[in-house]
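A.B. asks:
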Amino acid sequence: MLMRLLHHSSAQDQDVVVASLMPPGFVGQRLQDNGVRVHALGMTSVATALPATLRLAALVRRERPDVIMAWMHHAQLATMCATMLARTGAPVIWNVRHSLGGGYVHEKRLTRLVLRTQALLSRRPQAIIYNARVAMQQYRAIGFDPTRAMVIPNGFDLDADGQRAEAQDRLRRIFGIAPDRIVIAMVARAHPMKDAANLVSAFARLHPARMPAHLLIVGEGMDRPTPEIADALSALPTGYWTLSGQRSDVAQWLGGVDILALPSAWGEGFPNIVGEAMAKAIPCVGTDVGDTGWVIGATGRTVPPRNPTALALALMELCHLRPEERVMLGGAARQRISEMFAIDQVVKRYDALFRQVAGRIESDEPGPSARAMQCEAL
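Start counting the sequence shown at 503; every next residue gets the next number (the working numbering).
(1) Cβ atoms of histidine 510 and aspartate 751: under 8 angstroms apart, would you say?
(2) Opposite isoleucine 595 in the DSSP bridges: which residues?
(3) Should the stretch 639-648 be regarded as contacting the stretch 765-775, the criterion being three or more beta carbon pairs within less than 8 angstroms?
(4) Buried or exposed for threonine 546, please, with buried defined as at least 16 other CB atoms from any protein chain shown within 10 angstroms of its CB.
(5) Assign threonine 811 to one of two classes, buried (16 or more other C-beta atoms within 10 Å of its C-beta) or exposed (fewer than that).
(6) Just reading off the beta strand (DSSP E) that glutamine 824 is part of, what are its end residues?
(7) So, helix, strand or coil for phenylalanine 646, using DSSP?
(8) Excluding the 5 residues flanking serine 703 on each side, which residues of the same chain have their C-beta closer than 7 angstroms to its C-beta?
(9) Would you call the stretch 632-647 and the stretch 785-797 in contact, with 3 or more CB pairs under 8 angstroms?
(10) Measure the CB-CB distance between asparagine 536 and tryptophan 573 and report whether it falls below 8 angstroms.
(11) Which two residues bound the contiguous beta strand (DSSP E) that contains methionine 724?
(12) Taking 8 angstroms as the threshold (C-beta atoms), are tryptophan 755 and leucine 717 in contact?
(13) Taking the C-alpha atoms as reference points, what is the distance between isoleucine 686 and aspartate 671?
(14) Can you tell me the Cα-Cα spacing of alanine 521 and alanine 559, whole angstroms?
(15) From the DSSP output, in three-state form, read off leucine 717 for me.
(16) Excluding the five sequence neighbours on either side, which residues of its own chain have a C-beta within less than 7 angstroms of the C-beta of glycine 833, listed in chain order?
(17) What span of residues does the alpha helix (DSSP H) with threonine 613 cover, start to end?
(18) Mind checking alanine 643: buried by the 16 CB within 10 Å criterion, or exposed?
(19) Just tell me which of Asn700, Arg838, Gly591 has its CA closest to the CA of glycine 861.
(20) By the three-class DSSP mapping on this structure, what secondary structure does glycine 833 have?
(21) Specify the secondary structure class of serine 736 as computed by DSSP and reduced to three states.
(22) Report the residue from Ala629, Asp682, Glu565, Ile654 whose alpha carbon sits nearest the alpha carbon of phenylalanine 843.
(23) Under a Cβ-count criterion, where at least 16 other Cβ atoms within 10 Å of its own Cβ denotes burial, should serine 766 be classed as buried or exposed?
(24) Assuming glutamate 722 and alanine 692 form a contact by the criterion Cβ under 8 angstroms, report the distance between their Cβ atoms to the nearest whole angstrom.
(25) Would you call aspartate 682 buried or exposed, if buried means 16 or more other Cβ atoms sit within 10 Å of its Cβ?
(26) Taking the Cβ atom as the reference point for each residue, do valine 519 and proline 567 lie within a distance shorter than 8 angstroms?
(27) Can you look up isoleucine 679 in the DSSP assignment and give me helix, strand or coil?
(28) Thinking C-beta only, is alanine 763 closer than 8 angstroms to leucine 817?
(29) Rounding to the nearest angstrom, what Cα-Cα distance links arginine 746 and glutamate 826 in this structure?
(30) Would you report the Cα separation of asparagine 700 and glutamate 565, rounded to the nearest angstrom?
(31) For glutamine 534, count neighbouring Cβ atoms within 10 angstroms of its own Cβ and tell me buried if that reaches 16, exposed if not.
(32) Considering only the alpha carbon of each residue, which of His576, Gln628, Asp515, Gly741 lies closest to valine 859?
(33) Report all residues from its chain with a CB closer than 7 angstroms to the CB of leucine 507; omit the five preceding and five following residues, and keep chain order.
(34) State the Cα-Cα distance for the pair glycine 605 and glutamate 668, rounded to the nearest angstrom.
(35) Alpha carbon to alpha carbon, how far is histidine 575 from alanine 781?
Pasting the structure below:
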């Protein structure tokens with residue numbers, strides 16, 4: 503989402519600096535390739551958190567930003583500490599991208615401590631952005647200040663129509679998928695929260711029905727399946743599934759899949775991949791975690807988390823549709839993105855918030871560029 507914001511912002515008076523707590527990975531490299539200054543703060547463990555925070559404080563003193571937006575919980579806490587040390591008076595915005603199924607129950611002990619500390623500090627940021635309505639309610643329940651809260655959903659590009667055939671050809675060529683298969687794809691990093699095992703179990707239930715489907719799972723670490731996933735896949739005939747690690751070309755073939763599945767067990771706020779697929783006119787099946795169900799609406803199917811039978815039935819329902827019926831569902835999904843989550847409208851809301859927080863709403867006078875700093879655990 504940060505990449506899309508920076509790419510689509512039309513504000514000419516913003517000078518953006520990104521500070522990454524951890525070593526910049528794939529996203530950090532893409533930012534640098536697009537001319538964004540990225541500073542790595544060198545946090546690799548709890549033991550290096552303090553030195554990284556001190557480096558962030560020094561960076562804030564040097565850059566003297568007009569606004570700091572902190573993404574992800576650990577970066578938000580580090581930013582509060584750094585700004586108190588830097589004493590520049592820069593206003594801070596928190597950007598929450600996560601939901602809390604069952605409160606703290608799924609979070610690691612350190613993350614629980616960070617969240618409790620943030621709740622105590624939550625009157626200090628000028629604003630707290632949530633990308634999901636459900637998340638705003640959940641964080642309020644654990645003590646986050648409701649007077650700072652606002653919801654700004656994720657925004658998405660709308661590709662030109664007529665690219666599906668090209669994307670289908672590219673998809674099947676890259677992954678070696680037969681042209682008669684219905685491609686069910688999951689794109690996510692390997693993490694228990696994403697619950698890929700749930701999707702594999704659901705897909706295994708399709709095979710006895712002789713469904714001509716192919717399961718494609720792509721993402722960081724997905725090419726190294728857990729024993730649970732490996733066992734489930736071993737029960738399936740070869741040639742009906744593909745696992746792949748992280749890829750930089752997802753946007754080029756995503757529009758060629760037939761169904762996008764997101765089987766998350768917890769933690770989703772506003773799932774980017776669902777919005778990206780819908781923008782490419784792909785019907786989606788997701789679990790009712792965070793705002794996933796609201797995003798999909800009537801353009802796909804939403805099922806309870808950790809229920810492979812329900813997930814299998816939803817996938818089977820879409821697989822049984824005629825191709826033209828799936829195309830109609832996909833068209834409705836694209837229209838929903840256009841009406842509710844277009845990137846241009848989302849960027850305008852962010853730009854307006856930056857100007858408000860920086861105290862620049864009323865001034866049309868030319869002046870120095872607004873220096874915005876983004877702090878994230880990339």
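Think of the CB as a built atom: it goes at the ideal place given N, C-alpha and C, for glycine as much as any other residue.
C.D. replies: Answer, in terms of the structure:
(1) Taking the first residue of the sequence shown as 1, we reach residue 751 at position 249. Taking the first residue of the sequence shown as 1, we reach residue 510 at position 8. Cβ atoms of aspartate 751 and histidine 510: not closer than 8 angstroms.
(2) Here the question's residue 595 lines up with position 93 in the sequence shown. Answer is Met571, Ala629.
(3) no
(4) Here the question's residue 546 lines up with position 44 in the sequence shown. Threonine 546 comes out exposed.
(5) The residue labelled residue 811 in the question sits at position 309 within the sequence shown. Exposed: under 16 other Cβ atoms inside 10 Å.
(6) On the sequence shown, residue 824 is found 322 positions in, with the first residue counted as 1. Going by the sequence as given, residue 824 is arginine instead of glutamine. No beta strand (DSSP E) contains arginine 824, which DSSP labels as neither H nor E.
(7) Counting from one through the sequence shown, the residue named residue 646 turns up at place 144. The answer is coil: DSSP assigns phenylalanine 646 none of H, G, I, E or B.
(8) The count along the sequence shown starts at 1 and reaches residue 703 at position 201. Cβ neighbours of serine 703 beyond the five flanking positions: Ala734, Pro810.
(9) yes
(10) Translated into positions along the sequence shown, residue 536 becomes position 34. Translated into positions along the sequence shown, residue 573 becomes position 71. No, these two residues do not count as a Cβ contact at 8 angstroms.
(11) Counting from one through the sequence shown, the residue named residue 724 turns up at place 222. Counting along the chain, methionine 724 falls outside any beta strand (DSSP E), and DSSP gives it neither H nor E.
(12) On the sequence shown, position 215 is the one that residue 717 refers to. On the sequence shown, position 253 is the one that residue 755 refers to. No.
(13) In the sequence shown, residue 686 corresponds to position 184, counting from 1. In the sequence shown, residue 671 corresponds to position 169, counting from 1. If I take the Cα positions, the gap works out to 15 angstroms.
(14) For this step, residue 521 is matched to residue 19 along the sequence shown. For this step, residue 559 is matched to residue 57 along the sequence shown. Spanning the two alpha carbons is a distance of roughly 11 angstroms.
(15) Sequence index remark: in the sequence shown, residue 717 carries index 215 (1-based). Three-state DSSP puts leucine 717 in a strand.
(16) Working through the sequence shown from its first residue, we reach residue 833 at position 331. Answer for glycine 833: Ala783, listed in chain order.
(17) Here residue 613 refers to the residue found at position 111 of the sequence shown. Where threonine 613 is concerned, the enclosing alpha helix (DSSP H) stretches over 611-623.
(18) Translated into positions along the sequence shown, residue 643 becomes position 141. Burial call: exposed.
(19) Counted from its first residue, the sequence shown places residue 861 at position 359. Checked all of Asn700, Arg838, Gly591; the closest Cα to glycine 861 is Gly591.
(20) As a first step, residue 833 must be located in the sequence shown, where it is residue number 331. In the three-state reduction of the DSSP assignment, glycine 833 falls in the helix class, which pools H, G and I.
(21) As a working note, residue 736 is residue 234 in the sequence shown. Residue state, collapsed to three classes: helix.
(22) Translated into positions along the sequence shown, residue 843 becomes position 341. From the listed residues Ala629, Asp682, Glu565, Ile654, the smallest Cα separation to phenylalanine 843 is found for Ile654.
(23) Position 264 of the sequence shown, counting from 1, holds the residue named residue 766. By the 10 Å Cβ count, serine 766 comes out buried.
(24) Here residue 722 corresponds to residue number 220 of the sequence shown, with the count starting at 1. Here residue 692 corresponds to residue number 190 of the sequence shown, with the count starting at 1. Indeed, because the Cβ distance is near 6 angstroms, the residues count as touching under 8 angstroms.
(25) What you label residue 682 is simply residue 180 of the sequence shown in a count that begins at 1. That one is exposed.
(26) Counting from 1 along the sequence shown, the entry for residue 519 is found at position 17. Counting from 1 along the sequence shown, the entry for residue 567 is found at position 65. A distance below 8 angstroms separates the beta carbons of valine 519 and proline 567.
(27) The residue given as residue 679 occupies position 177 in the sequence shown. Correct three-state label for isoleucine 679: coil.
(28) As a position in the sequence shown, residue 817 is number 315, starting the count at 1. As a position in the sequence shown, residue 763 is number 261, starting the count at 1. Yes, the pair counts as a contact, with Cβ atoms nearer than the cut-off.
(29) On the sequence shown, position 244 is the one that residue 746 refers to. On the sequence shown, position 324 is the one that residue 826 refers to. Per the sequence presented here, residue 746 reads as serine, with arginine not at that position. Distance between the alpha carbons of serine 746 and glutamate 826 is about 29 angstroms.
(30) Locating residue 700 in the sequence shown gives position 198, where the first residue counts as 1. Locating residue 565 in the sequence shown gives position 63, where the first residue counts as 1. Rounded to the nearest angstrom, the gap between the Cα atoms of asparagine 700 and glutamate 565 is 46 angstroms.
(31) Residue mapping note: residue 534 aligns to position 32 of the sequence shown, counting from 1. That one is exposed.
(32) Position 357 of the sequence shown, counting from 1, holds the residue named residue 859. Among His576, Gln628, Asp515, Gly741, the Cα nearest to that of valine 859 is on Gln628.
(33) Here residue 507 is taken as the residue at index 5 of the sequence shown, counted from 1. Within the same chain, leucine 507 has close Cβ partners Val849, Tyr852.
(34) In the sequence shown, residue 605 corresponds to position 103, counting from 1. In the sequence shown, residue 668 corresponds to position 166, counting from 1. Those two C-alpha atoms are separated by around 44 angstroms.
(35) Walking along the sequence shown from the start, residue 575 turns up at place 73. Walking along the sequence shown from the start, residue 781 turns up at place 279. If you take the alpha carbons of histidine 575 and alanine 781, they lie about 28 angstroms apart.
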